[in-house]
Each structure stands twice: as structure tokens, then as C-alpha cells.
Ligand SMILES: Nc1ncnc2c1ncn2[C@@H]1O[C@H](COP(=O)(O)OP(=O)(O)OP(=O)(O)O)[C@@H](O)[C@H]1O
Ligand SMILES: [Mg+2]
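In my numbering, the protein residues as written are 1354 to 1646.
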């Protein structure tokens, strides 16, 4: 098991070196977003951040939900750190001064709760703020930005600031429609943006495949955008349990179906071949389970 983890860490280091050669800036910004609210953004961002940190990456998660932030709850930072993004936006603190220590070595910048002034910041202020994120780049290998749901200017700015966007949806028709609306809005601003898709709360793999096929095909056909299928997350009672316990499920329930799914998504994002995955049979078992139903 230790050998397996070391092998994964080495693969990630190699990938990073390749990226560093191709591109001067080593830090990658990944924005996690959705059309509909409550579909699993914060859980995905927090647990994915932890899964990368466990591979030795320097990871920051920033809660860019500027109205109703909750990364601190999912990552177990209770009470929340004294300073958060609202203090950066108001000019009281520098972004480097509001970085808190989260679980498993991740760093966390929490959002503002109920600060409408921050939620509604204007274009100039927002652009200044996004530029200030540059000072974080030398400190991290990966920055995850967890946005609020929907098509606000704030969300779109964080999406456009990313190297890669991860769009998450559930199989619910309303969530799929809103995901498509989000893709359309993103493409209207930048048609070359890299977008990956995660389908959360699936009952079985076939359901996940159907939903991702639908979104990927529509985006390609009508918007000319090639979306990468990053994977699925099973509906898992342990996710809800971990949330109520205010802990990340990747840490508290590392053998849960949801945690396994996070590892697969991480490997896909890091371009780690599946044969190096510790539980490579996970999805085939799910498929078998489905076939025998
Ligand atoms: N795979 C899953 N299995 C079971 N329940 C889940 C799963 N994913 C998310 N949930 C449930 O959905 C709730 C919302 O998840 P989360 O807070 O991550 O969504 P969100 O998209 O960040 O919401 P918001 O738009 O309000 O920021 C969780 O508290 C949990 O109860
Ligand atoms: Mg959230």
C-alpha cells in the first residue's frame, strides 16, 4: 500500500515537471462550478483538494461563494478562521494573511457568510481581487476554487480565471438543464476553455454515463465544445454522514464508494493511468453489480 502511494506521488511529480516545462507557471487553478445549487461542488472541491494533498501536492482551496460560504464546514474548520475573503475584498487584509490550515495539509481561504457587499462586488473590484490571486501562485501546485451556483458575474469571473473548469451536476433534469446553461455562458466568454464534467449522486454507472453522454454530446453539437468526462460520484449515505459530522468523507470514510470515486476523478485530472490506481476494479465491480440486477 505504501509502495502504491509512493508510485502515485512519483507519477504526479513527473506530470508536474512536464507541465512546468511546457508552461512557466506551475500552479494550476481549477474552478469547481455548477448551474444548479446543492449538487456537490463544495464536497467535490474539498475532498479532491485533500486527495491531491495526500499525494504530496501543495493545495489550496478557496471558498469563492461570496454570499453563503461553507468550505469551512466541510473541511471541519470550526469555528471558522477569524479572517476570510471579505477582509481581503474590503482591503483590511492581504490574501496571504487569510490562509488557514485545513485537514491533511491543505490550506483554506474561507468565504464570507452573508456579506452582501462582498457578494455584489462590482467589476473593477472583482478584477482587482482576481489579479491579487497571482501572489498565491508561487506557493501552491494546485488551487481549487469553489464557487456558488449559477450564472452571476462573480462565478463567471472565477470560471474564466481558471486553467481548468470542473462542472458538476446530478442526474436531475433541472440540474442537467442548468449545467448546460452554465456551459453556454462559459463558452460565450471563452470558447477555448478546458471544461471537465463530474456527475454526482448517481445510483449506478449506467446512469452516470447516460447523463455525461447527454451533456457532452449537446455541448459538442451545439457549442463546438469538447468536454472531458472526469467521472462520477455514487450516491452515498456516508457523504451525508460526513457532512453532518463536519468532516471530509475522503478522510473519515476513505473506503466509501464516494471516496473511491474521488480517487478516480483525481487520477483523471492528474492524468495518472488507471493501472496505477489502488482500486482499479472499483468501476468494473460497479458495472458487474449493475448487470446482475
Ligand atoms: N454523492 C453524494 N451522496 C449523497 N449525498 C450527497 C452527495 N453529494 C452531495 N450530497 C448531499 O448534498 C449536499 C450538498 O452538497 P454540497 O454542499 O457539496 O453542494 P454545493 O453544490 O456546494 O451546494 P451550494 O450550491 O449550496 O454551494 C451535501 O450536504 C450532502 O448532503
Ligand atoms: Mg457549496
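Even glycine gets a Cβ: it sits at the ideal position worked out from N, Cα and C.
Item, Value
"Beta carbon of residue 1500: closer than 6 Å to some heavy atom of ligand 2?", "no"
"According to the neighbour-count rule (16 or more other Cβ atoms, all chains shown, within 10 Å of its Cβ), is residue 1645 buried or exposed?", "With a pLDDT of 36 at residue 1645, under the threshold of 50, the predicted position of this residue should be treated as unreliable, and no value is reported."
"Is residue 1615 near residue 1404, with beta carbons less than 7 Å apart?", "yes"
"Helix, strand or coil: which one does DSSP assign to residue 1603?", "helix"
"Would DSSP call residue 1360 helix, strand or coil?", "helix"
"Should residue 1565 and residue 1550 be called a contact, given that it needs their Cβ atoms to be closer than 7 Å?", "yes"
"Can you look up residue 1329 in the DSSP assignment and give me helix, strand or coil?", "Any property of residue 1329 remains undetermined from this structure, which presents the chain solely from 1354 to 1646."
"Less than 6 Å between the CB of residue 1561 and some heavy atom of ligand 1, yes or no?", "no"
"Contact defined as beta carbons within less than 8 Å: I believe residue 1463 pairs with residue 1432. What is the distance between those atoms, to the nearest angstrom?", "At roughly 11 Å, the Cβ-Cβ gap does not stay under 8 Å, so residue 1463 and residue 1432 are not in contact."
"Name the one or two DSSP bridge partners that residue 1454 has.", "1460"
"Using the Cβ count rule (16 or more neighbours within 10 Å means buried), how would you classify residue 1374?", "Because residue 1374 sits at a pLDDT of 46, beneath the cut-off of 50, its placement in the model cannot be relied upon, and the following sentence gives the value as read from the coordinates. Its Cβ having fewer than 16 others within 10 Å, residue 1374 is exposed."
"Around the C-beta of residue 1408, are 16 or more other C-beta atoms found within 10 angstroms, so that it is buried, or is it exposed?", "buried"
"Would you give the residue range spanned by the alpha helix (DSSP H) that residue 1392 belongs to?", "First-last for residue 1392: undefined, no H or E at that position."
"Please say whether residue 1580 and residue 1596 have beta carbons closer to each other than 7 Å?", "no"
"Taking just the CA atoms, how far does residue 1429 sit from residue 1455?", "8 Å"
"Apart from the five residues on each side of it in sequence, which residues of its chain come closer than 8 Å, Cβ to Cβ, to residue 1623?", "1364, 1365, 1368, 1405, 1408"
"Do you know how far the Cα of residue 1427 is from the Cα of residue 1377?", "With a pLDDT of 44 at residue 1377, under the threshold of 50, the predicted position of this residue should be treated as unreliable, though the coordinate-derived value follows. Taking the straight line joining both Cα atoms gives about 33 Å."
"Please report the straight-line C-alpha distance between residue 1412 and residue 1487, rounded to a whole angstrom.", "15 Å"
"Go through the stretch 1510-1550 residue by residue and report every complete run of the beta strand (DSSP E) that reaches 3 residues or more, in order.", "1517-1522"
"Which residue from 1490, 1525, 1532 puts its Cα closest to that of residue 1504?", "1532"
"With respect to 6 Å, is the separation between the Cβ of residue 1379 and the closest non-hydrogen atom of ligand 1 below this value?", "no"
"Can you look up residue 1619 in the DSSP assignment and give me helix, strand or coil?", "helix"
"Run the CB neighbour count on residue 1490, radius 10 Å, all protein chains shown included, and call it buried at 16 or more, exposed below.", "exposed"
"How close, in whole Å, do the beta carbons of residue 1388 and residue 1534 come, if the pair is a contact with beta carbons under 8 Å?", "5 Å"
"Residue 1482 lies in the alpha helix (DSSP H); which residues open and close that run?", "1476-1485"
"Going by other Cβ atoms of all chains shown within 10 Å of its Cβ, with 16 needed for buried, is residue 1527 buried or exposed?", "exposed"
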